[in-house]
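Residues in the sequence shown are numbered consecutively from 1, following the numbering used here.
Think of the CB as a built atom: it goes at the ideal place given N, C-alpha and C, for glycine as much as any other residue.
The structure appears right after this line, and notes come after that.
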Amino acid sequence: MLRRHAGGPLHVAVVLGSGLSHAVTARLDGPQIGYSRLDGAPNLMLAGHPGSAHLGTWAERRIVAFAGRPHLYQGFSPRDVTYFVRLAAAAGAHTVVLTNAAGGIEPELTPGDLMLISDQINLTGASPLAGGPTPNPFVDMNGAYSPALREHARTAAAHFGITLKEGIYAGVRGPQFETPAEIRMLRRLGADAVGMSTVLETIAARTLGLDVLGISLIANKTGGHVSHEDVLSVSHDGSERLSQVLRAL
Ligand code: HPA
């Protein structure tokens, strides 16, 4: 279905995090497909946002950008959460760019920063590979976030004078934000940023042989007060820089 609408096998899939959709989807000139038209897609309407796949071509690469993703905290299963990664792989994609809004734990990370994800800590207690028909359940997670793609991203960002920080993303289940004690724990565990998505998608992507690039937009500092509205307002501003980096890539 995606392959047909894209006019051939896909090259790259982008999953857009909270508030990060607009700048990327506005620059994709192909068809837009509502998730309700994708066979077996999780019903995001239940969570208030229908979600859609946006197709287009950048530098002769066929791209799909998914605006809206299912989360564990919405009651979706690990399999649902990784649906779009599996769909992209089936449509030929060899690279997936996973983006998210995250809380900064590392003191140098400030709201508005873009952070390349260098590695992850999966604290959701879940895996998309558990219990299902999985070709390669014992997937090697070393270098899960492609060092080569990170290098390309740094070069692309530098070209536009955009600073990319780099750090470790801890994925939690949510939806409540963390307590100060939990943030101290996460810091001791080695996390630089924390969010409620991405880690299961990366596991699914690696088992399917996709290269993964992960980018967090730091939406807030953690350990103090934070609201969902704060997260969304910073995201809107950061989506423009994210879109520039992706197009240059
Ligand atoms: N914690 C968890 N997830 C988040 C945060 C946070 O502070 N900000 C954006 N997503």
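Whole-Å CB distance - residue i paired with residue j, under 8 Å assumed
i      : j      : result
THR95  : HIS11  : 7 Å
MET196 : GLY214 : Contact doesn't hold; Cβ gap of about 14 Å is too wide.
SER243 : ALA23  : 4 Å
LEU189 : ILE121 : 6 Å
LEU232 : GLY19  : 4 Å
LEU2   : ALA53  : 7 Å
GLU106 : GLY167 : 6 Å
Close beta carbons around residue i, own chain, < 6 Å, minus the five adjacent residues each side
i      : result
GLY104 : ALA193, ILE218, LYS221
ASN136 : THR207
LEU98  : VAL15, THR198, GLU201, GLY214
LEU55  : HIS5, ALA6, GLY30, PRO31, VAL64
GLU108 : none
ASP113 : LYS165, ILE218
Sequence-distant residues of the same chain with beta carbon closer than 8 Å to residue i, five excluded per side
i     : result
PRO50 : GLY34, TYR35, SER36, LEU44, GLY68
ARG86 : ALA204, LEU208
ARG79 : PRO128, GLY132
Span of the alpha helix (DSSP H), counted from its first residue to its last, around residue i
i      : result
ILE183 : 180-189
SER21  : 21-25
Three-state secondary structure (DSSP) of residue i
i      : result
ARG79  : helix
GLN176 : coil
GLU166 : strand
ARG62  : strand
MET196 : coil
THR202 : helix
THR155 : helix
LEU55  : strand
ALA130 : coil
Bounding residues of the beta strand (DSSP E) (the contiguous stretch that carries residue i)
i      : result
VAL234 : Premise fails: VAL234 lies in the alpha helix (DSSP H), 228-248, not in any beta strand (DSSP E).
VAL14  : 12-16
SER216 : 211-221
LEU2   : Where LEU2 is concerned, there is no enclosing beta strand (DSSP E), although the alpha helix (DSSP H) it sits in stretches over 2-6.
ALA101 : 95-104
LEU44  : Run containing LEU44: none; DSSP gives neither H nor E here.
ALA34  : According to the sequence provided, residue 34 is Gly. The question's Ala does not apply to it. From DSSP, the beta strand (DSSP E) with GLY34 extends over 32-34.
LEU116 : 114-122
Chain-order list of residues whose beta-carbon lies under 7 Å from that of residue i (same chain, five-residue window excluded)
i      : result
THR124 : LEU72, GLY171, VAL172, ARG173, VAL199, LEU200
ALA153 : LEU116, LEU164, LEU213, VAL245, LEU249
GLY223 : PRO180, ILE183
ALA126 : LEU72, PRO78, LEU200
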